[in-house]
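Participant: Chains as they are written, first to last, in our numbering: chain A, 4 to 117; chain B, 155 to 270.
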Amino acid sequence: DAEITQSPRHKITETGRQVTLACHQTWNHNNMFWYRQDLGHGLRLIHYSYGVHDTNKGEVSDGYSVSRSNTEDLPLTLESAASSQTSVYFCASSGGSGRPDTQYFGPGTRLTVL
Amino acid sequence: AQTVTQSQPEMSVQEAETVTLSCTYDTSESDYYLFWYKQPPSRQMILVIRQEAYKQQNATENRFSVNFQKAAKSFSLKISDSQLGDAAMYFCAYTSYTGTASKLTFGTGTRLQVTL
Chain A
4 DAEITQSPRH
14 KITETGRQVT
24 LACHQTWNHN
34 NMFWYRQDLG
44 HGLRLIHYSY
54 GVHDTNKGEV
64 SDGYSVSRSN
74 TEDLPLTLES
84 AASSQTSVYF
94 CASSGGSGRP
104 DTQYFGPGTR
114 LTVL
Chain B
155 AQTVTQSQPE
165 MSVQEAETVT
175 LSCTYDTSES
185 DYYLFWYKQP
195 PSRQMILVIR
205 QEAYKQQNAT
215 ENRFSVNFQK
225 AAKSFSLKIS
235 DSQLGDAAMY
245 FCAYTSYTGT
255 ASKLTFGTGT
265 RLQVTL
């Protein structure tokens, strides 16, 4: 069955370190998204990609970057981790059929920045 | 910009009873989808139900149904015959097609407690 996976599931790091969160999907979806989830804010969009070599900023993109070198993967990098980036991170993908479509989510990564 | 509002931070329902979770949204688009996602303690985001704005008929999925009022921009979720496994955070979400692909806007969530 097609799926979307994230790794690691839990990560503890120190302030100032570079961190990369992996996202891999086997749906063959064109579109991939990264969200962060914080209490009182629901899920907020960090970055998204509509295809290989395409990346776009979401509403909370400062301090994060992504790159898309193939269809299956969209890694999220925190260039210099800050305590404010402690959160749960979700990756999602969708088919992009030319109409509004449904996003499917990975299991999430809990990141703690000390 | 589109916004999604869930005004009920917490709700409680007794097992086997019915509960309705509220959601309102604001948009100037005519073609969009609305979703309810469930997030149990495992953190997994699970799609519960989807409603296409162009469809007048309310979506249903087994014990889950929606009341979609397009003019009022209201999208409530009704859970019938509530079960202990329904206890979770429920998020209302909106997406429209922007010419390339869709981005989701989420509400802040409603925590549903199911009691015996």
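Ideal placement from N, C-alpha and C gives every residue a C-beta, glycine not left out.
Among the candidates A:D4, A:S83, A:P11, whose CA atom is the shortest distance from the CA of G66 of chain A?
Facilitator: Taking the first sequence and counting its residues from 1, one reaches residue 66 of chain A at position 63. Minimum Cα distance to G66 of chain A is reached at A:S83.
Participant: For A213 of chain B, which residues of its own chain have a beta-carbon under 6 Å away from its beta-carbon, when the five flanking residues on both sides are left out?
Facilitator: Here residue 213 of chain B refers to the residue found at position 59 when the second sequence is read from its first residue. I203, Q205, V220.
Participant: Let me check understanding here. Comparing Cα to Cα, which of B:L258, B:P194, B:F222, B:A241 lies closest to V173 of chain B?
Facilitator: As a position in the second sequence, residue 173 of chain B is number 19, starting the count at 1. Closest by alpha carbon: B:A241.
Participant: Using the beta-carbon of each residue, which ones in chain A are nearer than 8 Å to Q211 of chain B?
Facilitator: Residue 211 of chain B sits at position 57 when you count from the first residue of the second sequence. Simply none; closest approach about 17 Å.
Participant: Determine which residues share a DSSP beta bridge with K224 of chain B and list them.
Facilitator: Position 70 of the second sequence, counting from 1, holds the residue named residue 224 of chain B. The partner list for K224 of chain B (beta bridge, DSSP) is empty, contrary to what the question assumes.
Participant: Closer than 9 Å, Cβ to any Cβ of chain A: which residues of the stretch 187 to 209 of chain B, in chain order?
Facilitator: Y187, F189, Y191, Q193, S196, R197, Q198, M199, I200, L201, R204, E206, A207
Participant: Taking the beta strand (DSSP E) that A25 of chain A belongs to, which residues open and close that run?
Facilitator: Numbered from 1 along the first sequence, position 22 holds the residue referred to as residue 25 of chain A. Note, A25 of chain A: beta strand (DSSP E), 22 to 28.
Participant: Going along chain A, which residues have a C-beta under 8 Å from K257 of chain B?
Facilitator: Mapped onto the second sequence, residue 257 of chain B falls at position 103. For K257 of chain B, the residues of chain A that pass the 8 Å Cβ criterion are F36, L48, Y51, G61, in the order they occur in the chain.
Participant: Tell me which residues share the same chain as T29 of chain A and place their Cβ nearer than 8 Å to its Cβ, disregarding the 5 neighbours each side in the sequence.
Facilitator: Taking the first residue of the first sequence as position 1, residue 29 of chain A is located at position 26. Once the five neighbours on either side are set aside, the close Cβ partners of T29 of chain A are A5, E6, I7, E75.
Participant: Is there a Cβ of chain A sitting closer than 8 Å to that of G239 of chain B, yes or no?
Facilitator: Here residue 239 of chain B refers to the residue found at position 85 of the second sequence. No, because no Cβ of chain A sits closer than 8 Å to the Cβ of G239 of chain B.
Participant: Rounded to the nearest angstrom, how far is the Cβ of M165 of chain B from that of T264 of chain B, given a contact under 8 Å?
Facilitator: As a working mapping, residue 165 of chain B is identified with position 11 in the second sequence. As a working mapping, residue 264 of chain B is identified with position 110 in the second sequence. Contact flag correct, Cβ pair sits at about 6 Å.
Participant: Go to M199 of chain B, then tell me how far its beta strand (DSSP E) extends in each direction, as first and last residue.
Facilitator: Residue 199 of chain B sits at position 45 when you count from the first residue of the second sequence. Premise fails: M199 of chain B is in no beta strand (DSSP E) and is neither H nor E.
Participant: Relative to the alpha-carbon of L114 of chain A, which residue among A:Y92, A:T105, A:D104, A:Q106 has its alpha-carbon at the smallest distance?
Facilitator: Here residue 114 of chain A corresponds to residue number 111 of the first sequence, with the count starting at 1. Here the closest residue by C-alpha is A:Y92.
Participant: Give me the chain B residues within the contact set of T105 of chain A, using Cβ-Cβ distance strictly less than 8 Å, ordered along the chain.
Facilitator: As a working note, residue 105 of chain A is residue 102 in the first sequence. The answer, in chain order, is Y187, F189, L201, R204.
Participant: Against T262 of chain B, what residues of chain A qualify as contacts under a CB-to-CB distance less than 7 Å, listed in chain order?
Facilitator: The residue labelled residue 262 of chain B in the question sits at position 108 within the second sequence. For T262 of chain B, the residues of chain A that pass the 7 Å Cβ criterion are G43, H44, G45, in the order they occur in the chain.
Participant: Determine the closest residue to T178 of chain B out of B:L201, B:Q156, B:N216, with distance taken between C-alpha atoms.
Facilitator: Residue numbering aside, residue 178 of chain B sits at position 24 when the second sequence is read from its first letter. Taking only the C-alpha atoms, the option nearest T178 of chain B is B:Q156.
Participant: Would you mind reading off the limits of the beta strand (DSSP E) that contains Q40 of chain A?
Facilitator: Locating residue 40 of chain A in the first sequence gives position 37, where the first residue counts as 1. First-last of the beta strand (DSSP E) with Q40 of chain A: 34 to 41.
Participant: In terms of residues, what are the limits of the beta strand (DSSP E) holding G94 of chain A?
Facilitator: Here residue 94 of chain A refers to the residue found at position 91 of the first sequence. Note on identity: in this sequence residue 94 of chain A is Cys, with Gly being the wrong assignment. C94 of chain A: member of the beta strand (DSSP E) spanning 90 to 97, first to last residue.
Participant: With 8 Å set as the bound, which would you pick, yes or no: does the beta-carbon of F245 of chain B sit closer than that to a beta-carbon of chain A?
Facilitator: Within the second sequence, numbered from 1, the residue matching residue 245 of chain B stands at position 91. F245 of chain B counts as touching chain A.
Participant: Going by alpha carbons, who is nearest to L258 of chain B out of B:L175, B:T181, B:P194, B:R197?
Facilitator: The residue labelled residue 258 of chain B in the question sits at position 104 within the second sequence. With distances taken between Cα atoms, L258 of chain B lies closest to B:T181.
Participant: Do R71 of chain A and S52 of chain A have their beta-carbon atoms positioned less than 8 Å apart in this structure?
Facilitator: Mapped onto the first sequence, residue 52 of chain A falls at position 49. Mapped onto the first sequence, residue 71 of chain A falls at position 68. Cβ distance < 8 Å, so S52 of chain A and R71 of chain A count as in contact.
Participant: Where does S97 of chain A land, buried or exposed, given buried means 16+ other C-beta within 10 angstroms?
Facilitator: For this step, residue 97 of chain A is matched to residue 94 along the first sequence. Label assigned to S97 of chain A: buried.
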